[in-house]
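J.:
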Amino acid sequence: MMKSLSLRTSIFSVRYSAVLRRHSPVWIAGEGGDRGMSTLGVGIVGFGFMGRTHSYGHLNIPLFYDPPPLRTKLVGVCTSRTETGRKALEVVPFEFATTDYRELLKRDDIHLIHCCTPNRLHYPLLVDALKAGKHLYCDKPLAANVQEAREIAALSARGAAKYQMAHQCRFLPATLRARQLVQEGFLGRVFHFRAEYLHAGYVDPTRPMSWRLSKEESGGGALFDLGSHIIDLVAHLLGDFESVFAVAETLIKERPVKGQPGVKQPVEVDDLTLMTVRMKSGAVGVIESSRLATGAQDECRFEIHGERGAMRFNIMDPNWLY
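Just so we're aligned, residue 13 is where the sequence shown starts under this note's numbering, counting upward by one.
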């Protein structure tokens, strides 16, 4: 687990800084830095695992770039509970904590909002932040359903703010090289591929219920949580999809309720999703996302086979493409 956490947070630092540098937005002048560099004020909404990871990424940017391409300052954090906000202030140099994200949107010194909340809360936050003219960095998925996602996309297209989804698998050294090789024709015509995102986090049937297992709170299970990454990576490498046949299964039907001995609730989302797909290029493939992959750690991986070559990647070895 420690290896996985360290890997994910360090990847975030490098990838996030690269994303900001690539978009080159006009930063509002803040605290002075080297060579007149301005500071981008940041507000984090949600301080669970992903909120902590995003915060850690900002703190690490200067460790990966010297000099850094930009300077960021963690100004405020919004949490669902006051106690969580107090703990956030103890471990991260935020200036303030609040339980109302609108307090972040009111601040002129906050230019960028990170959405790290449960999925059902993405829509109201993103809509309000876009209307307030804030830049946005949103953890996947964009929203809990297609209608909300389309509304958010339409609203973002009408404004000047920059918007980025957290699809970090695109920005690893090996996947950047993979995309370059595919575009250069290294593989020739792509025949077929296999792509997977495998996790073992829910193998234990005694792991209690959480918002991730609620349809209302999350919108979906392994497909939303893990599949969103590997589907995005396949599209990034191989282009658009032509057709999809999918099977989604909930294999552990119920789980205990934390703090209520003997009480169980039904699991409402998928543990496993399998897809057979055809790309517009004619390539065919299999995509799998699973939270019940016993023995797996946090494994996003693919194999692509073409007429002149093949390539293989596993995120557990993020700097190598085989």
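Virtual Cβ for every residue (Gly too), placed ideally from N, Cα, C.
Rounded to whole angstroms, what's the CA-CA distance from valine 139 to isoleucine 164? Just pull it up for me.
T.: Locating residue 139 in the sequence shown gives position 127, counting from the first residue. Locating residue 164 in the sequence shown gives position 152, counting from the first residue. Valine 139 and isoleucine 164: Cα-Cα distance of roughly 6 Å.
J.: So, under 8 Å CB-CB, leucine 245 and threonine 187 are touching, yes? Tell me the CB distance rounded to an integer number of Å.
T.: Here residue 245 corresponds to residue number 233 of the sequence shown, with the count starting at 1. Here residue 187 corresponds to residue number 175 of the sequence shown, with the count starting at 1. Indeed, because the Cβ distance is near 7 Å, the residues count as touching under 8 Å.
J.: First and last residue of the alpha helix (DSSP H) that includes threonine 285?
T.: Walking along the sequence shown from the start, residue 285 turns up at place 273. Premise fails: threonine 285 lies in the beta strand (DSSP E), 284-291, not in any alpha helix (DSSP H).
J.: May I ask you to verify whether the region 201-213 touches the region 81-88, counting CB pairs closer than 8 Å and requiring at least 3?
T.: Contact between the region 201-213 and the region 81-88 is absent, because fewer than three Cβ pairs lie under 8 Å.
J.: With 16 other CB atoms within 10 Å as the buried threshold, where does lysine 146 fall?
T.: To locate residue 146, count along the sequence shown from 1; it is residue 134. That one is buried.
J.: Which runs of the alpha helix (DSSP H) spanning at least 4 residues fall entirely within the region 234-262, listed in chain order?
T.: DSSP runs (the alpha helix (DSSP H)) wholly in the region 234-262: 240-250.
J.: Please report the distance separating the alpha-carbon of threonine 96 from that of threonine 110.
T.: Here residue 96 refers to the residue found at position 84 of the sequence shown. Here residue 110 refers to the residue found at position 98 of the sequence shown. Straight-line Cα distance between these residues: approximately 10 Å.
J.: For the beta strand (DSSP E) that glutamate 315 lies in, which residues bound it at each end?
T.: Working through the sequence shown from its first residue, we reach residue 315 at position 303. From DSSP, the beta strand (DSSP E) with glutamate 315 extends over 310-318.
J.: Going straight from the alpha carbon of methionine 328 to that of lysine 292, what length do you get?
T.: By one-based count along the sequence shown, residue 328 stands at place 316. By one-based count along the sequence shown, residue 292 stands at place 280. Answer to the nearest angstrom: the Cα atoms are 29 Å apart.
J.: Does the distance from the C-beta atom of isoleucine 242 to that of cysteine 312 stay below 8 Å?
T.: For the purposes of this step, residue 242 is identified with residue 230 of the sequence shown, where counting begins at 1. For the purposes of this step, residue 312 is identified with residue 300 of the sequence shown, where counting begins at 1. Cβ atoms of isoleucine 242 and cysteine 312: closer than 8 Å.
J.: Are the CB atoms of aspartate 282 and glycine 231 within a distance shorter than 8 Å?
T.: Sequence index remark: in the sequence shown, residue 231 carries index 219 (1-based). Sequence index remark: in the sequence shown, residue 282 carries index 270 (1-based). Not in contact: glycine 231 and aspartate 282 (Cβ atoms no closer than 8 Å).
J.: Can you tell me whether DSSP reads tyrosine 149 as helix, strand or coil?
T.: Within the sequence shown, numbered from 1, the residue matching residue 149 stands at position 137. Strand, per DSSP.
J.: With 16 as the cutoff for other CB atoms within 10 Å, does arginine 93 come out buried or exposed?
T.: Within the sequence shown, the letter at position 81 stands for residue 93. So arginine 93 ends up on the exposed side.
J.: Since asparagine 326 is in the beta strand (DSSP E), which residue starts that stretch and which ends it?
T.: Within the sequence shown, residue 326 is the residue found at index 314, counting from 1. Per DSSP, asparagine 326 belongs to the beta strand (DSSP E) from 322-326.
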